[in-house]
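**Q**
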Amino acid sequence: MPLRNSLHAPAFGQSAMGQTVKERQALDQLFSLAYEELRRLAWSVKRGDPSNTLSATALINEAWLKLAKSPRLAATSRLHFKRIAARAMRQLLIEAARRRKAHKRGGDGDAIFVSFDDSFDRAATPKESLIALDTALTELARLEPRQALIVESRFFGGLEISEISTLIGVSEATILRDWRAAKAWLGQAIRRAE
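For the sequence shown, the working numbering begins at 1 and goes up steadily by one.
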């Protein structure tokens with residue numbers, strides 16, 4: 001009878017990530033349902049970063065790998081999954097931007113431009129870098145967590161006001177007010193950082 005290393009072998013009914021087979025299948029199904037939306041979102045976010053060499057498909061696949069490695073990913077709905085995937089894409093884009101910037105030693109690194117407006121067409125603009133946005137968003141999360149969640153959900157997750165309202169459990173009017181306040185605060189924070 002062969003010996004099994006209990007530290008590395010999943011228990012019966014568990015995947016290697018510590019999820020049950022049923023949980024893993026549910027996660028796979030959520031990913032399949034949201035894939036096209038996430039790919040479109042990844043393309044539009046990536047389009048705002050002309051120096052990024054990852055394709056939209058590669059970005060979403062990297063995000064999926066990051067999510068799949070999570071020991072206990074518990075998405076409660078398709079919207080919740082999109083929000084979690086948006087955070088993973090944000091983290092991947094920031095990591096890539098920091099690597100490119102560090103690679104430039106002594107300079108400002110490659111410019112990373114994103115648009116931050118209501119249309120979300122993500123046209124490149126020299127005013128806002130992804131790293132500056134992330135820094136400001138992290139600071140906003142300390143001060144106003146709900147506003148930061150709304151920005152992350154809209155900008156990186158592509159969620160509509162109504163979807164965020166459903167996800168967070170507050171009125172659309174409140175989400176819209178917080179969205180406007182967060183955009184104004186982030187704009188000022190990014191300008192101060194320049």
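Using N, Cα and C, we set each Cβ at its ideal position, and we do this for glycine too.
Can you tell me which of the three DSSP states Ser171 falls into?
**A** On the sequence shown, position 171 is the one that residue 171 refers to. Of the three classes helix, strand and coil, the one that applies to Ser171 here is coil, per DSSP.
**Q** Which residue from Ile94, Leu67, Glu95 and Val151 puts its Cα closest to that of Ala85?
**A** Position 85 of the sequence shown holds residue 85. Of the listed residues, the one whose Cα sits closest to Ala85 is Leu67.
**Q** Put Arg78 into one of helix, strand or coil per three-state DSSP.
**A** Along the sequence shown, read from residue 1 onward, the residue named residue 78 stands at position 78. Reduced to three states, the DSSP call for Arg78 is helix.
**Q** Which stretch, first to last residue, makes up the alpha helix (DSSP H) that contains Lys66?
**A** The count along the sequence shown starts at 1 and reaches residue 66 at position 66. Element bounds for Lys66: Ala56 to Ala68.
**Q** Got a sec: is the Cβ-Cβ distance from Thr138 to anything in chain B below 7 Å?
**A** In the structure shown, chain B does not exist; there is a single protein chain.
**Q** How many Å lie between Ala34 and Lys82 at the Cα?
**A** Taking the sequence shown and counting its residues from 1, the one referred to as residue 34 is at position 34. Taking the sequence shown and counting its residues from 1, the one referred to as residue 82 is at position 82. The alpha-carbon atoms of Ala34 and Lys82 are separated by roughly 7 Å.
**Q** Can you give me the C-alpha to C-alpha distance between Gly158 and Ile168, rounded to a whole angstrom?
**A** Reading the sequence shown from its first residue, position 158 is the one you call residue 158. Reading the sequence shown from its first residue, position 168 is the one you call residue 168. Cα-Cα distance, rounded: 15 Å.
**Q** Check whether the Cβ atoms of Ser165 and Ile175 sit closer than 7 Å, and answer yes or no.
**A** Along the sequence shown, one-based indexing puts residue 165 at 165. Along the sequence shown, one-based indexing puts residue 175 at 175. Yes.
**Q** Which partner residues does Thr135 have in the DSSP bridge list?
**A** The sequence position of residue 135 within the sequence shown is 135, counting from 1. Partner(s): none; Thr135 has no beta bridge.
**Q** Counting only the same chain and skipping the five closest in sequence on each side, list residues whose C-beta sits under 6 Å from that of Ala187.
**A** Taking the sequence shown and counting its residues from 1, one reaches residue 187 at position 187. Per the sequence presented here, residue 187 reads as Gly, with Ala not at that position. Here the set comprises nothing.
**Q** If you follow the alpha helix (DSSP H) that Leu149 is in, where does it begin and where does it stop?
**A** Counting from one through the sequence shown, the residue named residue 149 turns up at place 149. First-last of the alpha helix (DSSP H) with Leu149: Pro145 to Val151.
**Q** For Glu172, which option in Ser55, Ala182 and Ile161 has the closest C-alpha, if you only look at C-alpha atoms?
**A** Residue numbering aside, residue 172 sits at position 172 when the sequence shown is read from its first letter. It is Ile161.
**Q** Cβ atoms of Ala181 and Leu131: under 7 Å apart, would you say?
**A** Counted from its first residue, the sequence shown places residue 131 at position 131. Counted from its first residue, the sequence shown places residue 181 at position 181. Reading off the sequence, residue 131 comes out as Ile, not Leu. Their beta carbons are not under 7 Å apart, which means Ile131 does not touch Ala181 by this criterion.
**Q** For my contact list, Met89 and Ala58 are in at a C-beta cut-off of 8 Å; report their separation, rounded to the angstrom.
**A** Taking the sequence shown and counting its residues from 1, the one referred to as residue 89 is at position 89. Taking the sequence shown and counting its residues from 1, the one referred to as residue 58 is at position 58. 11 Å between Cβ atoms; not a contact.
**Q** Among Lys22, His80 and Leu93, which one has its Cα closest to the Cα of Glu163?
**A** Counted from its first residue, the sequence shown places residue 163 at position 163. The candidate whose alpha carbon is nearest that of Glu163 is His80.
**Q** Hey, how far is the Cα of Asp134 from the Cα of Arg24?
**A** Mapped onto the sequence shown, residue 134 falls at position 134. Mapped onto the sequence shown, residue 24 falls at position 24. Going from the Cα of Asp134 to the Cα of Arg24 covers about 30 Å.
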